[in-house]
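Per my numbering, the sequence shown starts with residue 1158, numbered consecutively.
Scroll down for the structure; my scribbles are underneath it.
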Amino acid sequence: MARTAVVTGGTRGIGAAISQALKDAGYNVVASYAGNDEAAAKFKAESSIEVRKWDVSDYDACARALGDIGQVDVLVNNAGITKDGMFHKMSKEQWYGVINTNLNSLFNMTRPVWEGMRERKFGRVICISSINGQKGQMGQVNYSAAKAGDIGFVKALAQEGARSGITVNAICPGYIATDMVKAIPQEVLNKSILPQIPVGRLGEPEEIARCVVFLASDDAGFITGATIAANGGQYVA
Ligand code: NDP
C-alpha cells in the first residue's frame, strides 16, 4: 500500500517541488497551505495533488486536519515565512509570527502524528530549516532563532524516535530559486548574492525535493538527527 505524505506549505515554492517529487515516487500526498487559494487551486489543477488549507501555527487546526487525513507515514514540515527587520526595530508581531509559523508549527504538526508512527514502528519527519538557522543572519533574528530551533527539535526528537523506526532530519537550504528569490533584481543577485555561493548559482527547488525523497525512503533508515546542508557550499558548518 502506498505511504501517505503530508507536506506543509506544499503548494508553492520548495514545498510544491517536494509534493510533486513525493507523488512521482509513489506516495499519496496531501499538500497544505495557509491562504493563497489561487496558487493552491493552480497547483492542484496542474499536479492532481490533494490540497488542504489550515494554519500550521494553530495546534487545534493541525490536530483537526491530521485527524481527517488519518495515517501519516511521512511528514514534511516545510511551511515557513519571513518578517525581516533589524532587531532594534522588530515588533512583537514580527517575532511571534515567525516563531509560531516556523518553529511552533513543528510541535503542532508532529505531535498529533507521533503516536501513530510509534505504534506502526515507521515514520519519517523531515523539517526544512535554513542556512540562516545555522549561521545567523542580520535582519533575521526571529527567523534565525526559529530555524535554529528546528535543528534542535530534530536532534532531540530523532533520539526519541530511533527505537521506533522513526527518523527525524533537517534540511538547510541556501538560496533557492523560488519566486521570493527570483524577485531579487539580477544586478543584486550578480553583485552580492552569487559571489557568496561557491557553485556560482542558486539552488533549484527540485534539488531540495530530491533530498526529501531520499530521506523519506527505506534506504535512509540509518540517517536520523542529521542536518543536511544544501547550499552550494555557501556555509560549511
Ligand atoms: P514560499 O513562500 O514560496 O511558500 C510558503 C508555503 O508555506 C506556501 O504554501 C504557504 O501557503 C505556506 N505557509 C506559510 N505560512 C503558513 C501557515 N501559517 N500555515 C500553513 N501554511 C503556511 O516559501 P519557500 O518555498 O521559499 O520556502 C519553503 C521553506 O523553505 C520555508 O520553511 C523557508 O523558510 C525555507 N527556506 C527557503 C529558502 C529559499 O531560498 N526560498 C532558503 C532556506 C530555507 P500560501 O501559499 O497559502 O501562502
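Backbone N, C-alpha and C define an ideal beta-carbon position, used for all residues, glycine too.
All figures in this text were calculated on a predicted structure; none of them were measured in a lab.
| Query | Result |
| --- | --- |
| So what does DSSP say about isoleucine 1323, is it helix, strand or coil? | strand |
| Do glycine 1382 and lysine 1292 have their CB atoms nearer than 8 Å? | no |
| Apart from the five residues just before and just after phenylalanine 1244, which ones in its own chain have a Cβ nearer than 7 Å to its Cβ? | Val1298 |
| Within 10 Å of its beta-carbon, does aspartate 1212 have 16 or more other beta-carbons around it, so buried, or fewer, so exposed? | buried |
| Below 7 Å, is the gap between the Cβ of alanine 1222 and the nearest heavy atom of the ligand NDP? | no |
| Quick check on the burial criterion: 16 or more other C-beta atoms within 10 angstroms. Buried or exposed for lysine 1278? | exposed |
| Ends of the alpha helix (DSSP H) at alanine 1188? | Not the alpha helix (DSSP H): alanine 1188 falls in the beta strand (DSSP E), residues 1185 to 1190. |
| So the candidates are Phe1379, Ser1204 and Gly1166; which of them puts its Cα closest to the Cα of arginine 1320? | Phe1379 |
| Going by C-alpha to C-alpha distance, which of Ile1328, Val1325 and Leu1351 sits closest to lysine 1339? | Leu1351 |
| To which residues of the same chain is glutamate 1363 closer than 6 Å at the C-beta, ignoring the five residues directly before and after it? | Ala1174 |
| Mark valine 1325 as exposed unless 16 or more other C-beta atoms lie within 10 angstroms of its C-beta, in which case mark it buried. | buried |
| Since arginine 1209 is in the beta strand (DSSP E), which residue starts that stretch and which ends it? | 1207 to 1210 |
| Pull up the DSSP beta-bridge partners for leucine 1232, would you. | Val1163 and Val1282 |
| Report whether the distance from the Cβ of serine 1189 to the nearest heavy atom of the ligand NDP is below 7 Å. | yes |
| Measuring from the CB of arginine 1268, is there a heavy atom of the ligand NDP at a distance below 7 Å? | no |
| Thinking valine 1187 and glutamate 1207 are a contact (beta carbons under 8 Å), I'd like their distance in whole angstroms, please. | 5 Å |
| Using 10 angstroms around the beta-carbon of asparagine 1259, count the other beta-carbons present and answer buried if the total reaches 16, otherwise exposed. | buried |
| Which residue from Ala1178, Gly1166, Tyr1332 and Gly1170 puts its Cα closest to that of leucine 1372? | Ala1178 |
| Excluding the 5 residues preceding and the 5 following alanine 1220 in the sequence, name in chain order all residues of the same chain whose CB lies nearer than 6 Å to its CB. | Pro1269 |
| Start and end of the alpha helix (DSSP H) containing threonine 1267? | 1262 to 1277 |
| Would you tell me roughly how many angstroms separate the C-alpha atoms of glutamate 1317 and methionine 1274, rounded to the nearest one? | 12 Å |
| Is there at least one non-hydrogen atom of the ligand NDP closer than 7 Å to the beta-carbon of serine 1349? | no |
| Three or more C-beta pairs closer than 8 Å, one from the stretch 1165 to 1173 and one from the stretch 1226 to 1243: is that the case here? | yes |
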